[in-house]
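Okay, structure first, notes after.
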Amino acid sequence: MADLAARGEKPEYLLWVGSAGAYDDRYKHVTRAFVKILTFLHVDYAVLGTEESSSGDVARRAGNEMLFQMQALSNIDLFNRYGVKKILTCDPHAYNTFKNEYPDFGGHYEVTHHTRFLLDLVREGKLTPGRNVFRDCMVTYHDPCYLGRGNGEYEAPRMVLGELGAKIAEMPRNRSFALCCGAGGGQMFKEAEPGDKEIFIERTEEALSTGAGIVVTACPYCMVMLTDGIKYKNREEEVKIYDIAEMVALSLGL
Amino acid sequence: MSKQVVFALTLLITLGVFSLTVARIVAFFRLTKPAFPVKDWGRRFKLVLTEVFGQNKMFRRPVVGLMHALVFWGFLAILFGSIEMVIDGLAGTERFLAVLGPVYDVIIALGDVFALIVLVAVIAFLIRRVAMDIPRFRGEEMKHTSHLDAILALSLIGLLMITLLGMNTAYVTYTALAGFEQKGVFPVSSLISSFLGSDLLVTTVYRAHEINWWAHILLIFLFANILPYSKHFHVFMSVPNVFLSRLDPLGKLPNMPHITREIRAMLHPGTEEDSSGEPAELERFGVKDVEDITWKSYLDALSCTECGRCTAVCPAHLTGKKLSPRKIIMNVRARMKEKGPGLIRQGKDFDDARSLLRDYVTEEELWACTTCNACARECPLNINHPVLIVDMRRYLVMEEASGPAGLNAVFTNIENNGAPWQYPREDRMLWAEELYINA
Chain A
5 MADLAARGEK PEYLLWVGSA GAYDDRYKHV TRAFVKILTF LHVDYAVLGT
55 EESSSGDVAR RAGNEMLFQM QALSNIDLFN RYGVKKILTC DPHAYNTFKN
105 EYPDFGGHYE VTHHTRFLLD LVREGKLTPG RNVFRDCMVT YHDPCYLGRG
155 NGEYEAPRMV LGELGAKIAE MPRNRSFALC CGAGGGQMFK EAEPGDKEIF
205 IERTEEALST GAGIVVTACP YCMVMLTDGI KYKNREEEVK IYDIAEMVAL
255 SLGL
Chain B
4 MSKQVVFALT LLITLGVFSL TVARIVAFFR LTKPAFPVKD WGRRFKLVLT
54 EVFGQNKMFR RPVVGLMHAL VFWGFLAILF GSIEMVIDGL AGTERFLAVL
104 GPVYDVIIAL GDVFALIVLV AVIAFLIRRV AMDIPRFRGE EMKHTSHLDA
154 ILALSLIGLL MITLLGMNTA YVTYTALAGF EQKGVFPVSS LISSFLGSDL
204 LVTTVYRAHE INWWAHILLI FLFANILPYS KHFHVFMSVP NVFLSRLDPL
254 GKLPNMPHIT REIRAMLHPG TEEDSSGEPA ELERFGVKDV EDITWKSYLD
304 ALSCTECGRC TAVCPAHLTG KKLSPRKIIM NVRARMKEKG PGLIRQGKDF
354 DDARSLLRDY VTEEELWACT TCNACARECP LNINHPVLIV DMRRYLVMEE
404 ASGPAGLNAV FTNIENNGAP WQYPREDRML WAEELYINA
């Protein structure tokens with residue numbers, strides 16, 4: 005972003021990589037997959053690079069409103085400095101915070117989650133996903149809370165999967181009934197409270213019960229939790245887990 | 004005439020007691036904090052239509068949802084007859100609203116049919132309560148009194164339906180015996196009446212009608228005054244609570260504007276935000292006790308039916324953790340009942356050495372929440388549990404700095420290097436390196 009600004013250029017989209025997209029080894033693959041699609045389609049975008057910081061979602065949900073607002077106000081300052089109008093992200097938590105919470109601080113942007121962005125590209129005829137790689141593959145889709153219940157987006161990811169020719173085996177609890185992966189609200193970073201079971205195990209068992217060979221999701225937290233769950237169940241050999249962006253990139257051979 | 008006087012006095016007592024209850028509740032609301040400005044009336048009316056009158060979310064559990072919807076729709080049809088009974092009681096008329104003609108016939112017929120449907124549904128609900136083991140009727144917060152409360156309300160509704168059918172049957176029978184004109188149509192009661200012998204005395208049947216009439220109206224008056232102290236208060240509260248729903252997407256948390264002012268002043272010293280002039284009131288951050296909650300959270304607490312749909316879908320609860328969203332909402336109501344009178348008497352300095360946080364809701368419960376919003380999505384009355392949970396977390400973190408160690412580390416990392424993990428900022432672009440090699 006800074007490089008473009010120095011040349012006096014303004015990209016159409018800011019791609020918000022997010023902390024997990026930048027640091028988490030598994031989710032870096034998702035960032036790369038999405039960036040490959042954007043480059044393949046000549047989308048005019050830029051990232052903030054080392055200027056990016058936390059969106060503040062975790063801080064807010066963990067009760068640290070002071071820290072959240074520090075992050076929000078400095079991010080808005082940064083966005084405004086670069087004249088950001090449209091934001092793209094693979095993270096439903098950042099998406100939710102930018103879209104619903106930043107307006108309270110004067111930060112109004114057109115925020116798009118990558119699942120909806122990909123579907124729009126397909127509908128506009130700009131993106132034609134390959135139908136050979138996943139044709140008739142049995143996949144199951146795990147709804148991230150902040151995309152689904154939080155913002156009512158249940159269909160875009162499913163429609164993209166449909167475009168790939170994949171068959172969706174729904175879990176008993178899907179869409180607005182979906183069970184959380186267990187990571188939101190700060191849970192990712194702390195020990196779980198005493199109980200009978202970990203939430204991610206419960207959800208992994210449900211995903212595995214569909215018999216699908218691929219578990220698909222669209223959120224960095226869900227990715228981490230379900231990846232761990234599948235490993236815990238010793239099923240990582242037969243059952244793969246991918247983000248929607250990875251599915252599309254793979255279908256295009258990117 | 005004497006009947007009218009007795010009725011007027013009874014109605015007056017009923018309304019008097021009810022007014023005292025309302026005054027008490029209004030006084031409790033005065034103790035709460037602002038939530039949000041009530042705008043967007045069109046959307047709110049629509050919500051009342053779909054969620055209350057359409058019973059939308061109830062059908063997320065289709066079988067029991069339909070049973071509840073039938074009881075609710077029956078209540079609406081029967082309410083018409085109850086209003087007529089009050090008019091008749093005061094004016095000394097008989098079936099006064101019959102002047103409405105065919106409209107009257109339809110509504111009264113619906114009420115008569117629904118009386119039987121509601122009676123059957125209520126018996127089914129009682130069987131569910133007493134004889135069946137429904138997981139969401141269990142739980143730490145479901146005390147013996149919670150179950151008695153439910154059984155009492157269901158029994159009263161059952162009695163209301165029996166007396167209504169009794170009254171209608173007696174009415175149909177004595178008008179037929181005496182050759183009077185029958186006002187209204189009564190499909191169920193006419194059927195029952197046809198099974199009664201024809202050798203009945205008009206006076207006996209008329210007396211039966213009077214007994215059922217009085218029993219029915221007195222039960223309504225009694226019920227109306229029990230409701231505010233019962234989980235069945237939702238009969239009154241569902242419309243206001245749904246009308247006053249938070250309209251934001253579930254993902255959004257409410258803002259704390261006084262913090263924004265502080266941070267703006269810090270980030271941009273010398274600007275207008277900095278020199279507002281008014282001394283910042285020392286307001287507590289977040290919710291520790293019942294006087295810190297918003298009016299909306301208290302309204303939620305009064306509306307809660309204790310149905311447990313929230314707890315039944317809570318991921319923390321499902322995996323054996325202590326968190327139960329229903330319990331937290333019930334705790335708010337109980338704590339207001341305990342502390343509210345003292346706060347009203349002695350002002351906001353009143354202290355009974357207890358608080359909502361810790362004495363009712365433990366930290367263990369609060370930190371088990373994933374803010375997944377399954378509870379709020381499920382609540383048929385649009386109660387929002389996560390907002391209250393995060394409000395209590397705000398108190399723990401900002402007033403006491405007593406969050407779990409893992410989260411305190413997250414805060415420090417975000418402050419230092421702008422990410423929840425302890426990685427240097429310079430490494431934020433490492434993900435792209437491999438990309439260039441591949442490309």
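Chains A and B supply the protein sequences, listed in that same order.
Numbering-wise (this note's numbering), the first sequence opens with residue 5 and increments by one.
Numbering-wise (this note's numbering), the second sequence opens with residue 4 and increments by one.
Virtual Cβ for every residue (Gly too), placed ideally from N, Cα, C.
Note that the structure is predicted; figures quoted are calculated from it, not measured.
Sequence-distant residues of its chain with Cβ nearer than 6 Å to residue i (five each side left out)
i	result
glycine 343 of chain B	Phe31
lysine 330 of chain B	Glu144
leucine 154 of chain A	Reading off the sequence shown, one finds glycine at residue 154 of chain A, where the question assumed leucine. Asn100.
Proximity below 9 Å, CB of residue i to CB of residue j
i	j	result
leucine 168 of chain A	isoleucine 91 of chain A	no
isoleucine 137 of chain B	glycine 161 of chain B	no
serine 57 of chain A	alanine 98 of chain A	no
proline 407 of chain B	tryptophan 370 of chain B	yes
alanine 66 of chain A	phenylalanine 288 of chain B	no
lysine 234 of chain B	aspartate 355 of chain B	no
glycine 134 of chain A	leucine 8 of chain A	no
leucine 167 of chain B	asparagine 387 of chain B	no
arginine 312 of chain B	glutamate 368 of chain B	no
methionine 339 of chain B	valine 290 of chain B	no
methionine 432 of chain B	glycine 53 of chain A	yes
methionine 192 of chain A	arginine 207 of chain A	no
isoleucine 172 of chain A	threonine 144 of chain A	yes
leucine 23 of chain B	phenylalanine 224 of chain B	no
cysteine 460 of chain B	threonine 314 of chain B	Nothing about residue 460 of chain B can be read from this structure; chain B reaches only from 4 to 442.
glutamate 250 of chain A	valine 34 of chain A	yes
Where the alpha helix (DSSP H) containing residue i begins and where it ends
i	result
lysine 6 of chain B	5-32
alanine 319 of chain B	318-321
isoleucine 41 of chain A	29-44
alanine 248 of chain A	It should be pointed out that residue 248 of chain A corresponds to isoleucine in this sequence rather than to alanine. Per DSSP, isoleucine 248 of chain A belongs to the alpha helix (DSSP H) from 248-255.
lysine 235 of chain A	224-236
leucine 212 of chain A	203-213
threonine 148 of chain B	147-181
tryptophan 216 of chain B	205-229
leucine 82 of chain B	65-94
Below-9 Å beta-carbon distance, residue i vs any chain A residue
i	result
leucine 359 of chain B	no
aspartate 277 of chain B	Because the pLDDT of aspartate 277 of chain B is 47, which lies under 50, any placement of that residue in the model is unreliable, and the number read from its coordinates should be weighed accordingly. Taking Cβ atoms only, chain A never reaches closer than 9 Å to aspartate 277 of chain B, which makes this a no.
leucine 23 of chain B	no
alanine 422 of chain B	yes
proline 282 of chain B	Note that proline 282 of chain B has pLDDT 49, beneath the 50 cutoff, so the model's placement of it is unreliable and no number is given.
alanine 435 of chain B	yes
valine 109 of chain B	no
alanine 408 of chain B	yes
isoleucine 417 of chain B	yes
Residue span of the beta strand (DSSP E) that contains residue i, given as start and end
i	result
glutamate 174 of chain A	Glutamate 174 of chain A -> no beta strand (DSSP E), and no H or E assigned at all.
valine 51 of chain B	Unbroken run through valine 51 of chain B: none, as it is neither H nor E.
glutamate 114 of chain A	114-117
methionine 142 of chain A	142-145
leucine 112 of chain B	What sits at residue 112 of chain B in the sequence shown is alanine, not leucine. Taken as a continuous stretch (DSSP letters only), alanine 112 of chain B belongs to no beta strand (DSSP E), being part of the alpha helix (DSSP H) at 105-133.
Within-9 Å CB hit, residue i to chain B
i	result
serine 213 of chain A	no
valine 62 of chain A	yes
aspartate 232 of chain A	no
threonine 54 of chain A	yes
lysine 32 of chain A	yes
methionine 175 of chain A	no
glycine 154 of chain A	yes
proline 10 of chain A	Looking at the sequence itself, residue 10 of chain A is alanine, so the reference to proline does not match. It does not: the Cβ of alanine 10 of chain A has no partner Cβ on chain B nearer than 9 Å.
asparagine 136 of chain A	no
Same chain, Cβ closer than 7 Å to residue i, five either side skipped, listed in chain order
i	result
alanine 72 of chain B	Gln58 and Met61
glutamate 259 of chain A	As displayed, chain A neither begins before 5 nor continues past 258, which places residue 259 of chain A out of reach and without an answer.
proline 266 of chain A	This structure cannot settle anything about residue 266 of chain A, because the visible part of chain A is limited to 5 through 258.
Close-in-space but distant-in-sequence residues of the same chain around residue i (CB under 8 Å, 5 per side omitted)
i	result
methionine 70 of chain B	Ala124, Ala127 and Phe128
valine 188 of chain B	Asp108, Val109, Ile111, Ala112 and Asp115
If the cut-off is 9 Å on Cβ atoms, which residues from the stretch 182-205 of chain A count as contacting chain B, listed in chain order?
Ala182, Leu183, Cys184, Cys185, Gly186, Ala187, Gly188, Gly189, Gly190, Gln191, Met192, Phe193, Lys194, Glu195, Ala196, Glu197, Pro198, Gly199, Asp200, Lys201, Glu202, Ile203 and Ile205
Which residues of the stretch 35-49 of chain B have a Cβ closer than 9 Å to any Cβ of chain A? Give them in chain order.
Of all residues in the stretch 35-49 of chain B, none places a beta-carbon less than 9 Å from a beta-carbon of chain A.
When you check each C-beta in the stretch 317-342 of chain B against every C-beta of chain A, which residues fall closer than 8 Å?
Pro318, Ala319, Leu321, Thr322, Gly323, Lys324, Lys325 and Leu326
Short-range partners of chain A found in the stretch 364-388 of chain B, where Cβ spacing is below 7 Å:
Glu367, Trp370, Ala371, Cys372, Thr373, Thr374, Cys375, Asn376, Ala377 and Arg380
Output, in sequence order along the chain, the residues in the stretch 79-101 of chain A whose CB is closer than 7 Å to any CB in chain B.
Asn100
Closer than 8 Å, Cβ to Cβ, to anything on chain A: give me those residues from the stretch 240-259 of chain B, in chain order.
Going along the stretch 240-259 of chain B in chain order, one finds Asp251, Pro252, Leu253, Gly254, Lys255, Leu256, Asn258 and Met259 with a Cβ nearer than 8 Å to chain A.
The stretch 103-124 of chain A: positions lying closer than 7 Å to chain B by Cβ
Flagged, chain order: Asn104, Glu105, Asp108 and Phe109.
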